[in-house]
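Below is one structure, written out as C-alpha cells, with a few remarks after it.
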Amino acid sequence: MVVAEDLVEYGFRRVIITITAVMCALLEIVDTTIVNVALTNMRGSLGATLTDVAWVITAYAIANVIVIPMTSWLSQQFGRRNYFAVSIIIFTTASFLCGNASTIWELVAYRFIQGLGGGALLVTAQTIITESYPAAKRGMAQAIYGMGVIVGPTLGPPLGGYLVEHFSWPYIFYINIPLGIIATFLTLTFVRSPQYGIKLKANQVDWLGMGLLIAFIGSLQFVLEHGQQDDWFEDHLITSLSIVSLVGMLLFVWRQLTYEHPIVNLSVLKDQNLRIGVIMSFILGFGLYSSTLIIPIYTQSILGWTATDAGLLLIPGSLTTAFMMPIIGNMIQKGVPQSYMVAIGFLVFFLFTLFMHNAMTPDTGEEHLFWGLILRGVGLGLLFVPITTLSLSTLKGKHIGEGAAFTGMLRQLGGSFGVAIVTTLITRFTQQHRVQVIAHLDGSKLNVQERVSQLQNGFIAKGFSPNEAQNKAYQVLDFMVMKQSTVLSYMDIFMYLGILFLLCIPVILFIKKSKKEVDLSEAMH
C-alpha cells in the first residue's frame, strides 16, 4: 500500500505535477465562463433561440455540480491517478465534439459530458497537489491550487472574446485539446496514486443514492439557471423541479445516513469547523461569481464596452489575487491565524462593494473602477486558502478529503445561487427604480420641458417632422431613465453584497482552534 509520505515529490517531478494539476483546474474553471461571450455566434451558426443556447451553460453547470460530491468516492473505487486521467480524456474528447457539433442539442449533450469530466478535475487536482508537498508546505500547495480556481473565471471572457473575434466559436473548445493531451500524458507519467482497501462490488454500489443525488442537485441547478427567465414559480416546470429537488434532497440525506456504503459521507458535517467552512465557501462562491457576472454586464450594457474590454478589466484584480496566493501560503506556514485573514478578507471585500457602489454612474471610466477591482483581488486572496484550511483543520484521516469535496461543491453552488439571485434582483430593482425616477419627471417642470425641447429640435434638424421628433425625444428620455434605473439597481446589489460579507465576520468567532497542525495528506486515505 502506498502511504502519504511516499507520495511526496521533490524537484522536477513536483514542478511537473503542480503544473499539470493547476492546468487541469484552470481548464475546468475557464470553461465555465469562456462560452458566455460566444453565445450570440453560436445562435447564429446553429440556428438556435436564446433559450436554447442558454442550455450550453446550464448543461455544463449541472454536470459539474453532480459529479463534485461523488469525486472522493469515485477516486477510492478507481484510484486517484486513473480517475484523474480518465476525467481529462473525457473532458478533452467532449471539447472536440463540442467544436464539431452541428446542432444546438448536440452541443448541449457534449457540454454535459464535458462537465462530467471537468467537475472531477477540480477536487482531484487539489488533492494531487496537496499529496505532492510535505506537510510543512501544504499551505503553499493550497495557495498554488487557489491561483487557478480564482483566476480561472476571470480569464474566460477575454480569452473567449479574443478567439471568437479572431477565429470562430468552435476554437473556444479546440483550445482545450492540445492542453488536455499534454495533461493526460503528464498525469500517466508522473502522478502516483495511493491504494485503497475498499472497492465495492456492483451490487454494493449505492445506485439509489446516486440517482437521488442527480435528481436533487440537477433539479436545483436547473431552477437556479432558468428561474429568472421563466418567471420562477409562475412556471410549472420550475415549480415541479423545485419540489423534485426538495424531495430528492430529503431522501438523499436519509439514504446516505442509513446505507452501509454511502457515496457521500454526510456524517463528516458533524465537525463544527467544516460546517462553518462550507457556509463561508458558499458565501465566497456567491461573491466571486456574482461580481464576475455583474461587472461585465455593467460595462457592456451601460458603458458600451466590447466583451473583450469588459473581460480585460477584471484581469488586474485577478493578477493581484494570484500574486497574493503564495504570500498567504507563506503566512499560514509561519503560523499567522487563518481566522484573522478570513475576517480581514471579508472586510476588504466589503470595502470593494462600497467602492463599486460609489463609483457606478452611466458614464464611469475604467480609471474609476480599477482600484475597486484591485481591492476585490486582495479580498479573494485573503479568503480562498484560509477558508479551505480552516474548514479542514479539525478533521482527520479520509474525512479531510470528504470535507474538501463539500467545500468545493458549496463554492460552486454559492456561485449558482449568486448568479440566479443577482439576475433576478437586477430585473426587479430596475423596475422599482424606473417607477421612482419617472415619478420625479414632472412634465410641468421647466427643466424637463427644456430637455424634451432640446432633444426634439435635434431630431427636427435631422429631417424628422415635429411629431416624429417629439416621439423620438420621449424615446431617448425613456432610454435615459432605463439606463439610470439599471445603474441604481447595480448599486443596490453591491450594497447588499457588502452587508452579506460584513455579517460573515462574526461567524469567525465560532471556529475552534485545532490542537495540531492538520496534515492534509490524510485526505488521500
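Numbering-wise, the sequence shown is residues 332 to 856 according to our numbering. Just so it is clear, CB atoms sit at the ideal spot from N, CA and C, and this is done for glycine as well.
Is Q763 buried or exposed, if buried means 16 or more other CB atoms sit within 10 Å of its CB?
Taking the sequence shown and counting its residues from 1, one reaches residue 763 at position 432. That one is exposed.
The alpha helix (DSSP H) enclosing N367, as first and last residue numbers
Counting from one through the sequence shown, the residue named residue 367 turns up at place 36. No alpha helix (DSSP H) contains N367, which DSSP labels as neither H nor E.
Can you say whether P693 is buried or exposed, counting buried as having 16 or more other CB atoms within 10 angstroms of its CB?
Mapped onto the sequence shown, residue 693 falls at position 362. It is exposed - the Cβ of P693 has fewer than 16 other Cβ atoms within 10 Å.
Can you tell me whether V522 sits near the ligand NAP, meaning its C-beta is under 7 Å from at least one heavy atom of the ligand?
The ligand NAP is absent from the structure shown, which contains no ligand whatsoever.
Residues near R345 by beta carbon distance below 6 Å, same chain, minus five either side
For the purposes of this step, residue 345 is taken as residue 14 along the sequence shown, with counting starting at 1. Apart from sequence neighbours up to five positions away, the residues of its chain that approach R345 with a beta-carbon distance below 6 Å are S463, ordered along the chain.
Within 8 Å, do at least three Cβ pairs link the stretch 380-398 to the stretch 427-440?
When Cβ pairs closer than 8 Å are counted between the two stretches, the stretch 427-440 is seen to touch the stretch 380-398, the count reaching three or more.
Beta carbon of A369 nearer than 8 Å to that of V716:
Counting from one through the sequence shown, the residue named residue 369 turns up at place 38. Counting from one through the sequence shown, the residue named residue 716 turns up at place 385. With contacts defined by Cβ atoms closer than 8 Å, A369 and V716 do not form a contacting pair.
Can you say whether V709 is buried or exposed, counting buried as having 16 or more other CB atoms within 10 angstroms of its CB?
Residue mapping note: residue 709 aligns to position 378 of the sequence shown, counting from 1. Buried, since its Cβ has 16 or more Cβ neighbours within 10 Å.
When the distance is taken between beta carbons, is T485 closer than 8 Å to I646?
For the purposes of this step, residue 646 is identified with residue 315 of the sequence shown, where counting begins at 1. For the purposes of this step, residue 485 is identified with residue 154 of the sequence shown, where counting begins at 1. Yes, the Cβ-Cβ distance between I646 and T485 is below 8 Å.
Can you tell me where the alpha helix (DSSP H) holding G616 begins and where it ends?
The count along the sequence shown starts at 1 and reaches residue 616 at position 285. Looking at the DSSP string, the run of the alpha helix (DSSP H) that includes G616 is 603-632.
Can you tell me the Cα-Cα spacing of G528 and G410, whole angstroms?
On the sequence shown, position 197 is the one that residue 528 refers to. On the sequence shown, position 79 is the one that residue 410 refers to. Any reading at G528 must be qualified, since the residue scores a pLDDT of 49, below 50, and its modelled position is unreliable; the value itself is stated next. Roughly 11 Å between the two C-alpha positions.
Inspect the CB distances between the stretch 511-518 and the stretch 406-425 and report whether three or more fall short of 8 Å.
Pairwise C-beta distances place the stretch 511-518 in contact with the stretch 406-425, as three or more of them are shorter than 8 Å.
Flag this pair as yes or no: are the beta carbons of Y414 and A451 separated by less than 8 Å?
Start at 1 with the first residue of the sequence shown, and residue 414 comes out as number 83. Start at 1 with the first residue of the sequence shown, and residue 451 comes out as number 120. Taking 8 Å as the cut-off, the beta carbon of Y414 is found closer than this to the beta carbon of A451.
Using the rule of at least 16 other Cβ atoms within 10 Å of the residue's Cβ for burial, across every protein chain shown, is F681 buried or exposed?
Along the sequence shown, one-based indexing puts residue 681 at 350. Burial call: buried.
Ignoring anything shorter than 4 residues or poking outside the stretch 677-749, list the alpha helix (DSSP H) runs there in chain order.
If only uninterrupted alpha helix (DSSP H) runs of at least 4 residues are considered, those enclosed by the stretch 677-749 are 697-722.
Would you please state the rounded distance, in angstroms, between the beta carbons of G549 and L721? I believe it to be under 8 Å.
Walking along the sequence shown from the start, residue 549 turns up at place 218. Walking along the sequence shown from the start, residue 721 turns up at place 390. The pair is not a contact, with the Cβ atoms about 30 Å apart (cut-off 8 Å).
Assess contact between the stretch 750-768 and the stretch 611-626, defined as three or more Cβ pairs (one per stretch) separated by less than 8 Å. Is contact present?
Contact between the stretch 750-768 and the stretch 611-626 is present, because at least three Cβ pairs lie under 8 Å.
If you pair each beta-carbon of the stretch 671-679 with each one of the stretch 826-842, do three or more pairs fall below 8 Å?
By the criterion of at least three beta-carbon pairs nearer than 8 Å, the stretch 671-679 is in contact with the stretch 826-842.
Excluding the 5 residues preceding and the 5 following M662 in the sequence, name in chain order all residues of the same chain whose CB lies nearer than 6 Å to its CB.
Numbered from 1 along the sequence shown, position 331 holds the residue referred to as residue 662. No residues qualify anywhere along the chain.
Could you give the first and the last residue of the continuous alpha helix (DSSP H) run that contains Q587?
Position 256 of the sequence shown, counting from 1, holds the residue named residue 587. Going by DSSP, Q587 is part of the alpha helix (DSSP H) stretching over 567-589.
Measure the beta-carbon distance from L713 to I659 and round it to whole angstroms, keeping in mind my assumption that it falls under 8 Å.
Within the sequence shown, residue 713 is the residue found at index 382, counting from 1. Within the sequence shown, residue 659 is the residue found at index 328, counting from 1. For L713 against I659, the beta-carbon gap comes to about 7 Å, under 8 Å, which counts as contact.
Output the distance between the C-alpha atoms of L650 and V482, rounded to the nearest integer angstrom.
Position 319 of the sequence shown holds residue 650. Position 151 of the sequence shown holds residue 482. The C-alpha of V482 is placed about 7 Å away from the C-alpha of L650.
Go ahead and label P857 buried or exposed: buried means 16 or more other beta carbons lie within 10 angstroms of its beta carbon, across all protein chains shown.
Given that the chain is displayed from residue 332 to residue 856, the structure contains no residue 857 and the question cannot be resolved.
How should E336 be labelled, buried or exposed, when 16 other C-beta atoms within 10 angstroms of its C-beta is the threshold for buried?
Residue mapping note: residue 336 aligns to position 5 of the sequence shown, counting from 1. In this predicted model, E336 has a pLDDT of only 49, less than 50, meaning its place in the structure is not dependable; the value taken from the coordinates is given anyway. In this structure E336 is exposed. Its beta-carbon is surrounded by fewer than 16 other beta-carbon atoms within 10 angstroms.
Could you pull the start and end residues of the alpha helix (DSSP H) that S796 belongs to?
Within the sequence shown, the letter at position 465 stands for residue 796. For S796, there is no enclosing alpha helix (DSSP H), as DSSP marks it with neither H nor E.
In whole angstroms, give me the CA-to-CA distance for Q445 and D566.
Within the sequence shown, numbered from 1, the residue matching residue 445 stands at position 114. Within the sequence shown, numbered from 1, the residue matching residue 566 stands at position 235. Q445 and D566: Cα-Cα distance of roughly 29 Å.
What is the rounded straight-line gap between the Cα of V766 and the Cα of A736?
Start at 1 with the first residue of the sequence shown, and residue 766 comes out as number 435. Start at 1 with the first residue of the sequence shown, and residue 736 comes out as number 405. Roughly 45 Å separates the two Cα atoms.
DSSP three-state label for K468, please.
Numbered from 1 along the sequence shown, position 137 holds the residue referred to as residue 468. Residue state, collapsed to three classes: helix.
What's the C-alpha gap between L490 and I365?
Position 159 of the sequence shown, counted from the start, is the residue given in the question as residue 490. Position 34 of the sequence shown, counted from the start, is the residue given in the question as residue 365. One C-alpha to the other measures close to 7 Å.
Of all the options A641, L357, F701, V575, which has the alpha carbon lying nearest to the alpha carbon of G479?
Position 148 of the sequence shown, counted from the start, is the residue given in the question as residue 479. Among A641, L357, F701, V575, the Cα nearest to that of G479 is on L357.
Whole angstroms are fine: how far does the CA of I824 sit from the CA of R759?
Residue mapping note: residue 759 aligns to position 428 of the sequence shown, counting from 1. Residue mapping note: residue 824 aligns to position 493 of the sequence shown, counting from 1. One C-alpha to the other measures close to 11 Å.
Can you tell me whether I769 is buried or exposed, with buried defined as 16 or more other CB within 10 angstroms of its CB?
Looking up residue 769 in the sequence shown gives position 438. Counting the other CB atoms within 10 Å of its CB gives I769 a total below 16, which places it among the exposed residues.
Proximity to V595 [Cα-Cα], best of T695, G635, L643, W538:
Walking along the sequence shown from the start, residue 595 turns up at place 264. Nearest option by C-alpha distance: W538.
Quick one: using the 10 Å Cβ neighbour count with 16 as the cut-off for buried, is K847 buried or exposed?
Your numbering for residue 847 matches position 516 in the sequence shown. At K847 the pLDDT is 46, less than 50, meaning the model places this residue with poor confidence; the figure from the coordinates comes in the next sentence. A residue is called buried once 16 or more other Cβ atoms fall within 10 Å of its Cβ, and K847, having fewer, is exposed.
Name the residue from H592, A804, I610 whose alpha carbon lies nearest to the alpha carbon of L741.
Locating residue 741 in the sequence shown gives position 410, where the first residue counts as 1. Taking each of H592, A804, I610 in turn and checking the Cα distance to L741, the smallest one comes out for I610.
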